[in-house]
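Residue numbers (the numbering used here): 357 to 1267.
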């Protein structure tokens, strides 16, 4: 039986979180460790040894790409900030609406309005005991004391005011009712205070005595008297019935102060049998664990009873979560079971609740299909109901857009005057891909067409798109790709985001499919996905990556009446004045990247004139490649906004330093960095797994250059040779070797701050530049590492000196694109793992890069007096080669090639 459709439906559905709590500031007194456990005090010290704690901590570490320790996660939180981690958690969780009980007392908690930064709709659930305590904490006027009648009048007046946003009629109370206070439901924590055996006939006399007892205990008021709690419960039920508000009730496990025996929902039978409340919709929270089957029974026999499984997921073990949800579904109608995270204090609790709920519900519904309880189609419908539709109907929330893939636009529907939450103001969506030559390309579609058509069916594009070079918009020879045939650009909705510098536009990265659901073998993102899958399935490894982006900022000047672009400054490496001059630009860059959930570790001025670097945080390789594409887009756009031009070209000026996209790599297994040595002896500070992987990369590095250094960018003394950037003594790695913290080696092991001396946490590849397609580059690197793992390759001894001083003893890396292509041609392993057809296309594009270079050289000779380049001393052999490679092309075509090539590389006008 095939369950891919069920899995896809569950992964894509946007969640309506029916029960959660406020987040707190990072400097709150609330300990982060409490996000993992209901334990308190001394018992909390044992929490890290529970199954759920270990699993949840590992899941968070995997999300953040850090070590799976509480200390490492807390450090990541502190360094990233609450806004960034909240964006990451909520975006990954894909929650469209959340209902928050803000009555939970937490230090430095944020108000409801704050949460709307991360979720389209936030509704309030009013905790009745908290409201009562807030009222009783106020002083009565003129020295009066609280009496039950006065308190009841005020309490009920407040309950009745919330649904219609009226201000309090009793002005002496300092409890304001604002738009943010609009409630979608009520909630009781009677189970935590006196239990669920509610006395539906509680007398006013008993309640009056209870009120006196509570007041005598002093302030702040905490209501624990059973008679008063039962009285509040019944009063609230009456209001709920009157205004058709649902009532959430805590049941089963939770805070330490409850008597678990009294939290069994079966104790609610008197309430459920009371005809006064037969129309009141009641939801039992926490899956009533460990009374899940009892709750299931109640939902099956009482029309007004519904179920919510927050807290049970993710606080139980995997077996516990699955058995609890299966218990709920044994009798309960599928239309009565609802998702929530019961998230509180930290955004990670929302993420964990969403992540594990998807996994557990898939497991439960899959088993139901296997057992013939459900068909796959029925299971898909059940998933959509459980995760969204049931809550939408139960809490009477309206949908602005009905689509499991689209952003839900929701609003409460139980008020007399509806407040319309308008659809976002996005008008256009950029559909972005990067081709084999490293060019960023896009199609732009109106947002309505994107939502209605493109999300499901994609955008059509010619096969030739992956055969184009950076010099001409047509398929290169020998790629086997032509204008015949069409693919579909299928948006990866997990990458869809608002464009920070164009607020009315969004952008999204795409996968290339022959038809929706059938990946095209030439797709760069699919190539990375394929080799990552091999790494995971064969070795249970995940590669993390973090890129350093170097680029030049150029300004426009007039010289002799002509516009020229020159470096913005000439300050040295890490110059404080150099950074200060452009700090407004980088404030915008960092803000834009953070809005895209891209972590920035540091930035500084580089050694070149007008050159700068932005270092990104590391994450799983697919995400890292996606982040690099978005980062290039951000830097270019922000530079344009400031009247500048940003170029990532590897060698902007022959007499200055080149620009790279150095990448730091590490291997992770079950949330732990296994590239680094642990426990056993290690002469290099890395594990045997790390050494084998790195040795594979070193072995295949000449071939890998065809992916990571894809253009000649060579306009020097002999322009038909030489990678201009990858030269000795330029920190770019020109020899086939590795070193420990040796920046002249192409592979460098790194021991960043915080890593124990003698150990290395990652290795850096220097020969990766800004013209590379990052997905193809990382795919080649992983494939090389897999070969090292399979063959258990070992590294040679590290080079601690400048490799150039050992010339003749070390193998020189390819000096030109031609040499790297020759190495790739002989590399059977990469052909097998990456795919023969894709490599044929890549080699064809690279050869066209080389051919177009000859054309450029020839055209420069024709326009020597117009050029900004110095071409004196051109060899006669060079001219002969130019004629050989251009004899079949017209002068007009040569001109076009020249102009397009110069535009593409960022090498600026000839005059």
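Glycine is no exception: its CB is placed at the ideal position from the N, C-alpha and C atoms.
- The straight-line gap separating the alpha-carbon atoms of residue 554 and residue 411 is approximately 38 angstroms.
- Between the C-alpha atoms of residue 436 and residue 1144 there is a straight-line separation of about 35 angstroms.
- Every candidate alpha helix (DSSP H) stretch fails here, since none sits fully inside the segment 776 to 853 while reaching 4 residues.
- Counted as a single uninterrupted DSSP element, the beta strand (DSSP E) harbouring residue 867 occupies residues 858 to 871.
- Annotation for residue 1025: no alpha helix (DSSP H) segment contains it, though the beta strand (DSSP E) segment containing it runs 1019 to 1025.
- For residue 920, the uninterrupted beta strand (DSSP E) run begins and ends at 918 to 923, by DSSP.
- Within the same chain, Cβ atoms closer than 7 angstroms to the Cβ of residue 1170 are found at 1058, 1061, 1176, 1179, the five residues on either side in sequence being excluded.
- In this structure, residue 448 sits near residue 707, with a CB-CB distance shorter than 9 angstroms.
- Here residue 1151 has 1040, 1047, 1050, 1051, 1054, 1094 as same chain residues with Cβ atoms under 8 angstroms from its own Cβ, once five neighbours each way along the sequence are excluded.
- A distance below 6 angstroms between beta-carbons, with the five flanking residues on each side excluded, links residue 558 to the following residues of its chain, in chain order: 583, 586, 587.
- By the criterion of at least three beta-carbon pairs nearer than 8 angstroms, the segment 906 to 913 is in contact with the segment 994 to 1005.
- If you look at residue 889, you'll find it isn't in any beta strand (DSSP E); it sits in the alpha helix (DSSP H) that goes 880 to 895.
- Residue 793 places its beta carbon 9 angstroms or farther from that of residue 1196.
- Taking each of 893, 372, 798 in turn and checking the Cα distance to residue 784, the smallest one comes out for 798.
- DSSP places residue 722 inside the alpha helix (DSSP H), whose first and last residues are 703 to 726.
- As DSSP reads the structure, residue 1177 sits in no beta bridge.
- In the three-state DSSP reduction, residue 1165 falls in the coil class, being neither helix nor strand.
- For residue 441, same chain residues with a beta-carbon under 7 angstroms away, outside a window of 5 residues either side, are 433, 703 in chain order.
- Within the same chain, 963, 964 come within 6 angstroms of residue 1013 by CB-CB distance, once the 5 residues on both sides are set aside.
- Distance between residue 1038 and residue 1114, taken at the CA atoms: about 9 angstroms.
- Following the DSSP letters along the chain, one finds residue 442 inside the alpha helix (DSSP H) bounded by residues 438 to 449.
- For residue 638, no alpha helix (DSSP H) segment is defined; the enclosing uninterrupted segment is the beta strand (DSSP E) at 638 to 640.
- Using a 10 angstroms sphere on the CB of residue 716, the tally of other CB atoms reaches 16 or more, which defines it as buried.
- Only residues of its own chain outside the window of five on either side were considered, and among them 877, 878, 883 have a CB closer than 7 angstroms to the CB of residue 1194, listed in chain order.
- In this structure, residue 697 lies near residue 710, with their beta-carbon atoms less than 9 angstroms apart.
- Looking at the DSSP output, residue 958 bridges to 971.
- Sequence-distant partners of residue 1032 (beyond 5 residues in either direction) whose C-beta falls short of 6 angstroms from its own C-beta, in its chain, are 1115, 1117.
- Runs of the beta strand (DSSP E) lying entirely within the segment 599 to 681, each at least 3 residues long, are 603 to 605, 638 to 640, 661 to 664 in chain order.
- The bridge partners DSSP lists for residue 986 come to none.
- A straight-line Cα-Cα distance of about 28 angstroms links residue 860 and residue 467.
- Taking 9 angstroms as the cut-off, the beta carbon of residue 1121 is found no closer than this to the beta carbon of residue 1108.
- For residue 409, the uninterrupted alpha helix (DSSP H) segment begins and ends at 407 to 420.
- Between residue 651 and residue 607 a beta carbon distance of about 7 angstroms is seen, short of the 8 angstroms cut, so the two are scored as contacting.
- Where residue 506 is concerned, there is no enclosing beta strand (DSSP E), although the alpha helix (DSSP H) around it starts and stops at 504 to 517.
- Each of 924, 854, 511, 891 was checked against the Cα of residue 949, and the nearest Cα belongs to 854.
- Nearest to residue 743 by alpha-carbon distance, out of 591, 369, 364, is 369.
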